[in-house]
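Structure first, commentary second.
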Amino acid sequence: MHFLPIVMLIACAAFAADVSFEGTLDVDYANYLENNLTANNAANQDLRIKMNIDLDENVRAVVGAASKSWYINGDSSGYSRIRHREKATPIGSDKRFSPFLFDGFSLEWTVRRDLTFIFGDMFYSFGGFNYYYWRNPDYYAAVLTTQGIRGLGVRFGKEGYVYIGASDSNDKSSRIAASYAFSVPGINQVNNKFTIAPMFDLIKGGGRPHRYTIGADANYSRSYTDLNYAIRGIWGLHPSSGSYVNTFTLEPSFNYKNFNLASTCYWALLSDSTESTAPLTVEQTYASDERLIYIEPSYSFTKKFSMGLGFEWHKPDSESWYLIAPTAYLYPTAGVDVSFWIGYSIVPGPNYPGYGISSSVKF
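All letters in the sequence shown, in the order written, are residues 17 to 379 by our numbering.
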């Protein structure tokens, strides 16, 4: 029954004057060595497709479909993720499934170049990490992971929006979200850019532990002939358990000719319990760590091939753990990248390596 709305919409779209498709496909494979060097294989994929139906030069209907790998582990379930050993499900396992589902509909009316009105399903996130493993805001974000609304919205400028409607949190909640990226006068130039994007998200009627979230995302970059560098700072705040959860992220990056350096530093200010408040834990954030440091130097041998050495330090509620991951990156053509990686996790107890291949295609 999930396919029926999609099939009907595609059939109707066949009569439209202009139909186009776009989307992304991420596919991963990995092997994790365990006791006696026994290999435990795993795989996942994440397919997103949007069908754009241009009714005229200003009005467009958009239909989305998606297929994402899920895992079941006892009473818990969630998205399958290759570089999380505990959440990577074996090929052919009855604990792994990939449903193909309807992923939203919207009608968009572009009044002018920088102003679009929307009715339908709208998705947004804020403060998603930039580095290679945490780049998908469906899983982790400094402020808000991907949220969904069905209602009315306005998009303006390059990254501004105001959305209001029924939340996907439960059947009684409504929501309003707004954000806009401001260029700082006097600093924002051709080779010297500085923008600040505040965000506000309010939910009424339940569906999550906190009623509101506020945040800010600041980006500064400087470009020279051979030298480029950038720094990004993110702050988020929401109430929880009678206190406030503050999260901070710093992402400096640098490249000189063929040498590149990328990094992410994230930390959440979590409090101990008092007589009036309960303790704050990572369960009240949108990341699985209280603190995280990632750094990866890399070297580009050609435009199509580079190699890097990634290092990660994670501090969840429990003991810290580390990951060392040498990675080779291949870029066959525009919109396609393939990475070959070896990961060695240093965790409490026995440590075993893993290796795999990850690919991403944008079309």
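For glycine and all other residues, C-beta sits at the position ideal for the given N, C-alpha and C.
For the candidate residues T132, K66 and N74, whose alpha-carbon lies nearest to that of G80?
K66
From A157 to F113, what distance separates their C-alpha atoms?
25 Å
Mapping the DSSP letters down to three states, classify G146 as helix, strand or coil.
Before going further, note that residue 146 is Asn rather than Gly in the sequence given. Reduced to three states, the DSSP call for N146 is coil.
Going by C-alpha to C-alpha distance, which of P268, S314 and V78 sits closest to L346?
S314
Does DSSP put E335 in a helix, in a strand, or in coil?
coil
For P369, which residues does DSSP report across the bridge?
Bridge partners of P369: Y360.
To test your reading of the DSSP string, which unbroken beta strand (DSSP E) runs of 3 or more residues are found completely within the segment 233–282?
The beta strand (DSSP E) runs lying completely inside the segment 233–282 and spanning 3 residues or more are 243–256 and 259–272, given in chain order.
Own chain residues within Cβ distance below 6 Å of R64, not counting five before or after:
If we look at R64 and ignore the five residues flanking it on each side, its Cβ neighbours are G39, T40 and A82.
Inter-residue Cα distance where the pair is A316 and R238
Reading the sequence as shown, one finds Ser at residue 316 and not Ala. In this structure, the straight-line span from the alpha carbon of S316 to that of R238 is close to 20 Å.
Only counting the same chain, and skipping five residues up and downstream in sequence, which positions put a Cβ closer than 6 Å to that of F37?
M67
Under 8 Å by Cβ, that's how I've got W337 and S361 pegged, so tell me the actual separation to the nearest angstrom.
6 Å
Helix, strand or coil: how does DSSP classify E299 here?
helix
9 Å Cβ cutoff met for A180 and G169:
With the sequence shown as reference, residue 180 is identified as Ile, and Ala is not the correct amino acid for it. Yes, these two residues count as a Cβ contact at 9 Å.
Residue from W283, P369 and G351 whose Cα sits closest to the Cα of S375:
Closest by alpha carbon: G351.
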